[in-house]
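2 protein chains.
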Amino acid sequence: MIDIYLLGCGGSMPVPNRSLTSLLVSVNGSKLLIDCGEGTQVSMKILGSGFKAIDAICFTHYHADHVAGLPGLLLTIANSGRVDPLTLIGPTGLKNVVNGMTVIAPMLPYELNLVEVQQEFYEFRLNHMIIHTINCDHTLPCLGYSIEIKRMNKFNKEKAESNKIPTKFWSILQRGNRVQFNSEIFTPEMVLGDERKGIKICYITDTRPIDSIVNFIKESDLFICEGMYGDEKNIEKAIKNKHMTFKEAAILAKLSRVQELWLTHFSPALNDPEMYLEQTRSIFYNTVIGKDRIYKNINYKNL
Amino acid sequence: MIDIYLLGCGGSMPVPNRSLTSLLVSVNGSKLLIDCGEGTQVSMKILGSGFKAIDAICFTHYHADHVAGLPGLLLTIANSGRVDPLTLIGPTGLKNVVNGMTVIAPMLPYELNLVEVQQEFYEFRLNHMIIHTINCDHTLPCLGYSIEIKRMNKFNKEKAESNKIPTKFWSILQRGNRVQFNSEIFTPEMVLGDERKGIKICYITDTRPIDSIVNFIKESDLFICEGMYGDEKNIEKAIKNKHMTFKEAAILAKLSRVQELWLTHFSPALNDPEMYLEQTRSIFYNTVIGKDRIYKNINYKNL
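Protein sequences appear in the order of chains A and B.
Each residue of the first sequence is one higher than the last, beginning at 0 in numbering that gives the first Met the number 0.
Each residue of the second sequence is one higher than the last, beginning at 0 in numbering that gives the first Met the number 0.
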């Protein structure tokens, strides 16, 4: 249903075995990339995820560790044979950044459709994905992202029967389609019952843990969050540089009742993030220390 | 004396275990980087070569596989505490490329000194290194580089004695200094005899094997050359894309009587360059298939 690949888990500078920040989300073949640090295309190559069918590239912000892989990736996408336009989405400044970076990727065989997010909460749809943004609190404009895949309401047999819907239309209506039959119009509402929870993934980096994030990420199935510092002794540094400690990310996860937390965007000085796993789990147990190319599949069946 | 590190041996696109093009040359602590593809700073980090003391970054040309690592590297150099100006050298277009790429590396704590090479043969000096450029034959303006470290002439004891040089000045004069003693001036020529061969390293990528390269790389101790294609069946592609086959690189090495050839800048489609080593050695025996971070030290003693 939905496949999530953490392409790179490094912050600031790449270090051996830790590419810079990038996340790939794939839903029924639609691919969304968030951030594109140095090393992104190498991780994609290793995973064999293909380059041609990326539907959009979103940016949290324009620090180099989130953007520097862009020109190389755009050229690799070009080499894959893509001719369809590619959408790039990010906070104010996107046009300036893309114009600058593409000085070494001129004459791409596809158009770039640039969307600068100006409003506080922005929503866009990408095939099955409904994507929202939130304004984060970093040293420059920065967006957090949520990706939701809605699920149709339960099928209500009694309702279908009482509405006298011919059984041959049940599954069509259940999938959200309208049916015109003779002079009658049947609508999905005529067969659908209770709501069912969809899937929600959130990606929050780089930011302080501001209150608005708690509601934004509420009840996510997977919350991918920066953990620039493992040791709470670095809290002053986290405040100054507008980042988070593992503990702060875990508190967000707990308050928001998410299912699982992946920590990412580690400081290059943080040699062994696993050292801080136990104390982080004491706040939010279902914490995973990110590694390049860790993967999760979320399906309705395993919700 | 001189340390050469091939930081990345990939062409076009990075593939697993093959970073994009970059070479680091270090002479008595002076560091020269040529090209700066994606992955350059990772290789430097693995080697522990340090970032602060890079004296200059040279570019062969501005295709992304030679330049995309620049903004990340500039920021990492900034994080290393550098405040001294950094010289960047390359063919026409350097200012445009650097202005574009540094949109994600603004406000560096050191100045960038940009040198666009306009003339056909350009010479500059970097501490002990004498660097020359040559115009290559690629799909856009492209420079080849030679790096020479001259060696003082032999000391000629008979000459020093016949010129009546006090022995206490011999070593000072031998190192190329002038000495004023009482009213007399002693010059290095008064103690120096026959010439001695210095060290010469050449770096040629991306280009067709044009005639002028043969003289430019003549009698190099190490000739680092692109080998985009291993299989001679790709010769039409090499001609069209303005690259070389292994065979063409080996012929250049042979004609120029170089000591050793390192092949680099392999096509991403070339999975196993070693397959073509034997046939390349039949033309020029002392051929090495480049790998990321292969290293060579050249000292006067081993010449």
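Beta carbons: idealized from backbone N, C-alpha and C, even for Gly.
Check: For S219 of chain A, which residues of its own chain have a beta-carbon under 6 Å away from its beta-carbon, when the five flanking residues on both sides are left out?
Finding: K199, C201, V257
Margin query: When you compare the CB positions of S21 of chain A and G68 of chain A, do they come within less than 9 Å of one another, or not?
Written below: yes
Check: Interface residues of chain B around I45 of chain A at Cβ under 8 Å?
Finding: P15
Checklist line | C-beta neighbour in chain A for P70 of chain B, strict 9 Å | finding: yes
Check: Where does Q117 of chain B sit, in a helix, a strand or coil, going by DSSP?
Finding: coil
Next item on the list: Note the first and the last residue of the continuous alpha helix (DSSP H) segment covering A237 of chain B.
Entry: 234–240
Margin query: Give me the DSSP bridge partner(s) of P90 of chain B.
Written below: B:V116
Margin query: Run through chain B and tell me which residues come within less than 9 Å of N95 of chain A, C-beta to C-beta.
Written below: V102
Note to self: Applying the 10 Å Cβ sphere with the 16-neighbour rule, what's the burial state of D193 of chain B?
What the structure shows: Result: exposed.
Notebook entry, point to check: From A:D230, A:D34, A:V66, pick the residue whose C-alpha is nearest to that of V24 of chain A; which is it?
Noted result: A:D34
Next item on the list: Please go through the region 45–83 of chain B and give each complete beta strand (DSSP E) segment of 3 or more residues, from N-terminal end onward.
Entry: 53–57
Margin query: So with CB distances below 9 Å, who are the chain B contacts of G61 of chain A?
Written below: For the record, residue 61 of chain A in the displayed sequence is Tyr; it is not Gly. Going along chain B in sequence order, the residues near Y61 of chain A (Cβ under 9 Å) are V102, I103.
Next item on the list: Give me the Cα-Cα distance between L113 of chain A and R280 of chain A, rounded to the nearest whole angstrom.
Entry: 40 Å
Notebook entry, point to check: Ordered along the chain, which non-local residues of its own chain (more than five positions away) have a Cβ less than 6 Å from that of L19 of chain A?
Noted result: G7, G9, P13, G36, E37, G38, D64
Notebook entry, point to check: Any beta-carbon of chain A closer than 9 Å to the one on L74 of chain B?
Noted result: L74 of chain B belongs to the set of residues whose beta carbon lies under 9 Å from a beta carbon in chain A.
Margin query: Which of the three DSSP states is assigned to Q258 of chain B in this structure?
Written below: Coil.
Checklist line | N98 of chain A, DSSP secondary structure in three states | finding: If DSSP states are grouped into helix, strand and coil, N98 of chain A belongs with the helices.
Margin query: So P208 of chain A and V41 of chain B are supposed to be a Cβ contact under 8 Å. How far apart are they, rounded?
Written below: Contact doesn't hold; Cβ gap of about 30 Å is too wide.
Notebook entry, point to check: Within the 9 Å Cβ cut-off, does A344 of chain A reach chain B?
Noted result: Lying outside 0 to 302, the shown extent of chain A, residue 344 of chain A is not represented and no answer is given.
Item checked: chain A contact for M12 of chain B (CB, 9 Å cutoff) -> yes
Notebook entry, point to check: If you draw a straight line from the C-alpha of H62 of chain A to the C-alpha of G89 of chain B, how long is it?
Noted result: Going by C-alpha positions, H62 of chain A is about 26 Å away from G89 of chain B.
Next item on the list: Starting from D210 of chain B, follow the alpha helix (DSSP H) in both directions and report where the run begins and ends.
Entry: 210–215
Notebook entry, point to check: Whose CA, out of B:F123, B:V287, B:L269, B:I250, lies closest to the CA of E259 of chain B?
Noted result: B:V287
Notebook entry, point to check: Whose Cβ in chain B lies nearer than 8 Å to the Cβ of N78 of chain A?
Noted result: S11, M12
Notebook entry, point to check: So which of B:D271, B:K241, B:W261, B:N27 has the shortest CA-CA distance to N126 of chain B?
Noted result: B:N27
Note to self: Need the endpoints of the alpha helix (DSSP H) that R174 of chain A sits in, please.
What the structure shows: It is not in any alpha helix (DSSP H) - R174 of chain A carries neither H nor E in the DSSP assignment.
Item checked: Nearest candidate by alpha-carbon position, reference S45 of chain A, set A:T138, A:S161, A:I56, A:Y4 -> A small fix is needed here, since residue 45 of chain A is Ile in this sequence, not Ser. The option with the nearest alpha carbon to I45 of chain A is A:Y4.
Notebook entry, point to check: Given that G99 of chain B touches chain A, what residues does it touch there, using C-beta distances under 7 Å?
Noted result: The CB of G99 of chain B comes closer than 7 Å to the CB of G99, M100, V102 in chain A, given here in chain order.
Next item on the list: For F222 of chain A, write down the residues that DSSP places opposite it in a beta bridge.
Entry: A:C201, A:L260
Check: Cα separation between W169 of chain A and Q179 of chain A?
Finding: In a straight line, the C-alpha of W169 of chain A is about 13 Å away from that of Q179 of chain A.
Item checked: Amino acids of chain A, ordered along the chain, whose beta-carbon sits closer than 8 Å to that of V190 of chain B -> Near V190 of chain B there are no residues of chain A at all, since even the closest Cβ is about 50 Å away, more than 8 Å.
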